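There are 2 protein chains.
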Amino acid sequence: MTTPLLGKSFIGYSRSSGIEPCGNGVQPGTGTQLEPAYCSATPEEVGHAMALAAAAFPVYSSLSGKTRAGFLRAIATEIEGVVEDIVERGQLESALPEARLRGETGRTTGQLRMFASQIEEGSWVDARIERADPDRKPIPKVDLRSMLRPLGPVAVFCASNFPLAFSVAGGDSASALAAGCPVVVIAHASHPGCAEIVANAVIRAARATGMPEGVFSVLYGGGRKVGQAVVKHPVTQAVGFTGSRSGGTALMATANSRSQPIPVYAEMSSVNPVVILPGALARGEEALAEAFFGSLTLGVGQFCTNPGLVFLPGDQGDAFLAKLKSLVEAGTPGMMLNASICKSYADSTAAFAATDGVTTLARSANEAGPGQGAPAVFVVSIGDFLKHESLQGEMFGPATLIVRGSVSEIEAAIPKLEGQLTASIFASPEELAAQPSLVQALQQRAGRLICNGFPTGVEVCNSMVHGGPFPATSDGRSTSVGTMAIFRFCRPVAWQSFPDAALPAELQEANPLGIKRME
Amino acid sequence: MTTPLLGKSFIGYSRSSGIEPCGNGVQPGTGTQLEPAYCSATPEEVGHAMALAAAAFPVYSSLSGKTRAGFLRAIATEIEGVVEDIVERGQLESALPEARLRGETGRTTGQLRMFASQIEEGSWVDARIERADPDRKPIPKVDLRSMLRPLGPVAVFCASNFPLAFSVAGGDSASALAAGCPVVVIAHASHPGCAEIVANAVIRAARATGMPEGVFSVLYGGGRKVGQAVVKHPVTQAVGFTGSRSGGTALMATANSRSQPIPVYAEMSSVNPVVILPGALARGEEALAEAFFGSLTLGVGQFCTNPGLVFLPGDQGDAFLAKLKSLVEAGTPGMMLNASICKSYADSTAAFAATDGVTTLARSANEAGPGQGAPAVFVVSIGDFLKHESLQGEMFGPATLIVRGSVSEIEAAIPKLEGQLTASIFASPEELAAQPSLVQALQQRAGRLICNGFPTGVEVCNSMVHGGPFPATSDGRSTSVGTMAIFRFCRPVAWQSFPDAALPAELQEANPLGIKRME
Numbered sequence: 000m001t002t003p004l005l006g007k008s009f010i011g012y013s014r015s016s017g018i019e020p021c022g023n024g025v026q027p028g029t030g031t032q033l034e035p036a037y038c039s040a041t042p043e044e045v046g047h048a049m050a051l052a053a054a055a056f057p058v059y060s061s062l063s064g065k066t067r068a069g070f071l072r073a074i075a076t077e078i079e080g081v082v083e084d085i086v087e088r089g090q091l092e093s094a095l096p097e098a099r100l101r102g103e104t105g106r107t108t109g110q111l112r113m114f115a116s117q118i119e120e121g122s123w124v125d126a127r128i129e130r131a132d133p134d135r136k137p138i139p140k141v142d143l144r145s146m147l148r149p150l151g152p153v154a155v156f157c158a159s160n161f162p163l164a165f166s167v168a169g170g171d172s173a174s175a176l177a178a179g180c181p182v183v184v185i186a187h188a189s190h191p192g193c194a195e196i197v198a199n200a201v202i203r204a205a206r207a208t209g210m211p212e213g214v215f216s217v218l219y220g221g222g223r224k225v226g227q228a229v230v231k232h233p234v235t236q237a238v239g240f241t242g243s244r245s246g247g248t249a250l251m252a253t254a255n256s257r258s259q260p261i262p263v264y265a266e267m268s269s270v271n272p273v274v275i276l277p278g279a280l281a282r283g284e285e286a287l288a289e290a291f292f293g294s295l296t297l298g299v300g301q302f303c304t305n306p307g308l309v310f311l312p313g314d315q316g317d318a319f320l321a322k323l324k325s326l327v328e329a330g331t332p333g334m335m336l337n338a339s340i341c342k343s344y345a346d347s348t349a350a351f352a353a354t355d356g357v358t359t360l361a362r363s364a365n366e367a368g369p370g371q372g373a374p375a376v377f378v379v380s381i382g383d384f385l386k387h388e389s390l391q392g393e394m395f396g397p398a399t400l401i402v403r404g405s406v407s408e409i410e411a412a413i414p415k416l417e418g419q420l421t422a423s424i425f426a427s428p429e430e431l432a433a434q435p436s437l438v439q440a441l442q443q444r445a446g447r448l449i450c451n452g453f454p455t456g457v458e459v460c461n462s463m464v465h466g467g468p469f470p471a472t473s474d475g476r477s478t479s480v481g482t483m484a485i486f487r488f489c490r491p492v493a494w495q496s497f498p499d500a501a502l503p504a505e506l507q508e509a510n511p512l513g514i515k516r517m518e
Numbered sequence: 000m001t002t003p004l005l006g007k008s009f010i011g012y013s014r015s016s017g018i019e020p021c022g023n024g025v026q027p028g029t030g031t032q033l034e035p036a037y038c039s040a041t042p043e044e045v046g047h048a049m050a051l052a053a054a055a056f057p058v059y060s061s062l063s064g065k066t067r068a069g070f071l072r073a074i075a076t077e078i079e080g081v082v083e084d085i086v087e088r089g090q091l092e093s094a095l096p097e098a099r100l101r102g103e104t105g106r107t108t109g110q111l112r113m114f115a116s117q118i119e120e121g122s123w124v125d126a127r128i129e130r131a132d133p134d135r136k137p138i139p140k141v142d143l144r145s146m147l148r149p150l151g152p153v154a155v156f157c158a159s160n161f162p163l164a165f166s167v168a169g170g171d172s173a174s175a176l177a178a179g180c181p182v183v184v185i186a187h188a189s190h191p192g193c194a195e196i197v198a199n200a201v202i203r204a205a206r207a208t209g210m211p212e213g214v215f216s217v218l219y220g221g222g223r224k225v226g227q228a229v230v231k232h233p234v235t236q237a238v239g240f241t242g243s244r245s246g247g248t249a250l251m252a253t254a255n256s257r258s259q260p261i262p263v264y265a266e267m268s269s270v271n272p273v274v275i276l277p278g279a280l281a282r283g284e285e286a287l288a289e290a291f292f293g294s295l296t297l298g299v300g301q302f303c304t305n306p307g308l309v310f311l312p313g314d315q316g317d318a319f320l321a322k323l324k325s326l327v328e329a330g331t332p333g334m335m336l337n338a339s340i341c342k343s344y345a346d347s348t349a350a351f352a353a354t355d356g357v358t359t360l361a362r363s364a365n366e367a368g369p370g371q372g373a374p375a376v377f378v379v380s381i382g383d384f385l386k387h388e389s390l391q392g393e394m395f396g397p398a399t400l401i402v403r404g405s406v407s408e409i410e411a412a413i414p415k416l417e418g419q420l421t422a423s424i425f426a427s428p429e430e431l432a433a434q435p436s437l438v439q440a441l442q443q444r445a446g447r448l449i450c451n452g453f454p455t456g457v458e459v460c461n462s463m464v465h466g467g468p469f470p471a472t473s474d475g476r477s478t479s480v481g482t483m484a485i486f487r488f489c490r491p492v493a494w495q496s497f498p499d500a501a502l503p504a505e506l507q508e509a510n511p512l513g514i515k516r517m518e
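So the protein lines, in turn, are chains S and F.
Quick note, the first sequence lines up with residues 0 to 518 if you use numbering that gives the first Met the number 0.
Quick note, the second sequence lines up with residues 0 to 518 if you use numbering that gives the first Met the number 0.
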């Protein structure tokens, strides 16, 4: 380990002196406790982290995009320097395989550099210039210039299923820091060691690039106690969260109950409906089943984009189902992220299996060991599906529900679905052209539409929308992946009749940053 | 009257059959009831208006920007055809003078045409194109294209103080319709007749341009009953509101308590702090007092941008205060918009006057008649100001509170202010350069910063930010004025791997609309 793990929170550039234990890292499956023991940040330390963030905000938000980008790039470099530590500890505490941990680390550093490039270039601030017209009748027109400015300190909750890309220095932190907001991270109990390794890397980068203390803190102690205190704290101006619906809605309630309500960006539950039309089956049912099985079982199904709901024409697809059955029965159980997720998976699949009208098409013939989840597929008629609202719920893991009905019944059912991160349609070009209303219905329920593909695999780029109507997220107007994620932590501000020298560089007459502006 | 007033709601293209009275228009001052009596929409009619809006949404949101723009332009033309009716009825029920009503009508039609131009041009959708790269390692890159799409039906509440520009066909309705959202308006009891005149104009325009029924409805019955039912209705996807803090926060609570929470854009209370530095006083205290008095009393002070709080260096500005005193004492009381606003003004000014440490600098020597409000100016030390949170409240009308302290005390007080629509600073260029932290503190509390000018006068343009941190608005990430207002009613949607013909025109490879895109 490059730096020994201490089990203590990061309060700006200091370490916590809290001694109240909040649990060790735990090896999935064996339940073995990993050293060190982690301790909660004390209430005083939470307050101190927030005070440091408040003090850092005016300083940090005034730095140029290029300077903030230097900080983000330094974080990426520091993380690359500890990738072996991450891989070693990550396998122990999350059971994720080495390749996944290396890949996710690469995604994390890639995201940091993507946001760095975005703020180095600078046009993302949406600068708008309206020049004065003193001769305008009946009243003169004033000089008015606007751009996006950061909201203030942001609370970021680490996600159980992405110890890197959606955790300490993941997309929420990277986009908030890029926007100019200090970040206070609440570590997840599933991977406290990875959190500490990455936090050390961020702090080294912050010191090395001369960032104000308080631009970054990482708190242990869990969402219920420390996390709630951070969200309630008047300094906090926005929240980023990836996790369960109950966790996300609890944060929304807390944020709305503040004397000053703040935005919560919670990415919660989605079953990512997949609609398969006859033309897609005609291209080859077995190959489609293989591709679907691959998406369903990727990462033991523990992705928010896992395809948990499939609409299949009622009188077709027998070969698809037969192939899927054989794949699932031969499927290997996989170690899940933690004991709680494993238990939820067992409970939710059991509840689906026991629901009226639901039949179990297949379960893995291989017995799941402790902490493992095995693939499962259930089938229900569209009539029974619509009778049981609980069948819209998520089985977080490698399980799916296949709903059979006519194409017109499927189209009628789509508007009754809850909001989703994604919706996929498998169809021939002719069917797509003939079904614009079906595509439109899917569009109204989701943030990302996929044609002839499965929803797993979330490209980090300018056009990604990893968001969707409630309850997929708390705020369907946003994305948590891709360059648009930065907009979550900003608001527009206008400057009226200011002398050029007193304007931010982005709005000065000579456009010294050379950014694209609306003028 | 071009079309006789019926006193009934507009349920799509039908008129309500409700018979439960919800009040007549009332002439301010005299209390004279104006004909006709207005009747509440029935619960069934509210449901019918929402069902029509839901049915209209997929049709209306699929129309091209050019077609929707034709509808907005037709509304503007229809409103121009009834401007004499508006002026006649508006003077009776709102006591606003003829010139204001003509000006506000022009602003309303101007806004409609501004949004029409925006959606005719089309680039506002923020189209983003990432093309596929099948050869990318380790995994191929998919084709992914995103753009903004409308949220769904929007509830718009009319504002008491803007019977046209923030009411039936005002900025909220115009921006929502421009985005592609059907609109259900809740009329305000202060000007039901103006609402009916404008609603008739909108419905004529909708019919003439072939819009789907349900794209627009206008309901009588008030915010508490009919309005709450609309906000609770599952079809409603966003809310626009301009009014009191209690009204706005009540709508926020309702929206958050839905099984699917929805965004509320409530523009509520702001006292629009004005900071005057010595350099500005040195330019001429009397002229500054005259300009301030003009802003304070414009429209009997009934603007959300009224300057209700002034920070003045403690040992300077005596000539400013003396001149202001003489202007206020000679000031003419003006008829206020309605009896409730008039009573609130009397109550809030009395409460300020009675607060420890507050002295009354001046009140108009001319007695206010029934329904009238007269200018008033109060003075307090910065120490006493900070002791009494109630002094941050709004006196909606031509009254202001002057807070005296040193420049450093003023700077320290700014972060303690609630969120504001605007913040103004009067200073010399040298002072501005010497006080970057004061300007930054003001920026953190407001949506629009004004240099050497007063906040009244809100330009409708690309760079306007008429928004600000809570409680100025419910959602400081937005503006209710200017072209950015359209973003409130949209969310990004991504299309992955779709054949070109199945993509929206904005995202097709050949860019048939010729819009600006990120690619």
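All residues carry an ideal CB built from backbone N, CA and C; glycine is no exception.
The structure presented is a predicted model; accordingly, all values stated were derived computationally and were not measured.
Can you have a look at residue i and say buried or exposed, based on whether 16 or more other CB atoms are within 10 angstroms of its CB?
i, result
"R203(S)", "buried"
"A286(F)", "exposed"
"P435(F)", "exposed"
"G80(S)", "exposed"
"G247(F)", "buried"
Excluding five sequence neighbours on each side, which residues of the same chain lie with their C-beta closer than 6 angstroms to the C-beta of residue i?
i, result
"E430(F)", "L276, G278"
"H190(F)", "E92, S93, P162"
"E518(F)", "I128"
"G30(F)", "none"
"Q117(F)", "W123, T482"
Shortest alpha-carbon distance to residue i belongs to which of the options?
i, options, result
"Y12(F)", "A177(F), E92(F), H47(F)", "H47(F)"
"A422(F)", "P428(F), L437(F), L51(F)", "L437(F)"
"V309(S)", "L326(S), A288(S), L297(S)", "A288(S)"
"Q32(F)", "A40(F), G22(F), A426(F)", "G22(F)"
"P262(S)", "A500(S), P498(S), W494(S), F486(S)", "F486(S)"
"P414(S)", "C460(F), V234(F), R444(F), S380(F)", "V234(F)"
"N451(F)", "R282(F), A175(F), A501(F), A350(F)", "R282(F)"
"E393(F)", "Q442(F), A349(F), L506(F)", "A349(F)"
"M334(S)", "A433(S), R99(S), L95(S)", "L95(S)"
"V457(F)", "D474(F), E103(F), A55(F)", "E103(F)"
"I196(S)", "G151(S), E83(S), G307(S), R223(S)", "E83(S)"
Could you check where the alpha helix (DSSP H) with residue i kicks off and where it finishes?
i, result
"C460(F)", "Premise fails: C460(F) is in no alpha helix (DSSP H) and is neither H nor E."
"S145(S)", "Note, S145(S): premise wrong, no alpha helix (DSSP H); beta strand (DSSP E) at 143-149."
"A476(F)", "With the sequence shown as reference, residue 476(F) is identified as Arg, and Ala is not the correct amino acid for it. R476(F) -> no alpha helix (DSSP H), and no H or E assigned at all."
"Q439(F)", "435-444"
"I409(S)", "406-412"
"G59(S)", "Residue identity check: residue 59(S) is Tyr in the sequence provided, not Gly. Here the alpha helix (DSSP H) through Y59(S) covers 42-61."
Near residue i, what residues of its chain come up, given a Cβ to Cβ distance below 8 angstroms and the 5 sequence neighbours on each side ignored?
i, result
"L448(S)", "T421, A422, S423, I424, V438, L441, Q442"
"A36(F)", "G6, P20, G22, N23"
Spatial neighbours of residue i within its chain, please: CB distance less than 7 angstroms, with the 5 preceding and 5 following residues excluded, ordered by chain position.
i, result
"D499(F)", "Q507, E508"
For the beta strand (DSSP E) that contains residue i, what are its first and last residues?
i, result
"E87(S)", "It is not in any beta strand (DSSP E) - E87(S) instead sits in the alpha helix (DSSP H) that spans 82-93."
**Request:** Take every Cβ of the stretch 66-84 of chain S, pair it with every Cβ of the stretch 182-201 of chain S, and state whether three or more of those distances are shorter than 8 angstroms.
**Result:** The stretch 66-84 of chain S makes contact with the stretch 182-201 of chain S, as at least three CB pairs between them are under 8 angstroms.
**Item:** Inter-stretch contact at 8 angstroms, needing at least 3 Cβ pairs: the stretch 161-181 of chain S / the stretch 238-251 of chain S
**Value:** Taking 8 angstroms as the limit for Cβ pairs, the verdict is that the stretch 238-251 of chain S does touch the stretch 161-181 of chain S.
**Request:** Could you tell me whether the stretch 383-391 of chain S touches the stretch 248-262 of chain S, using the rule of 3 or more Cβ pairs below 8 angstroms?
**Result:** Here the stretch 383-391 of chain S does not lie against the stretch 248-262 of chain S, with fewer than 3 beta-carbon pairs under 8 angstroms apart.
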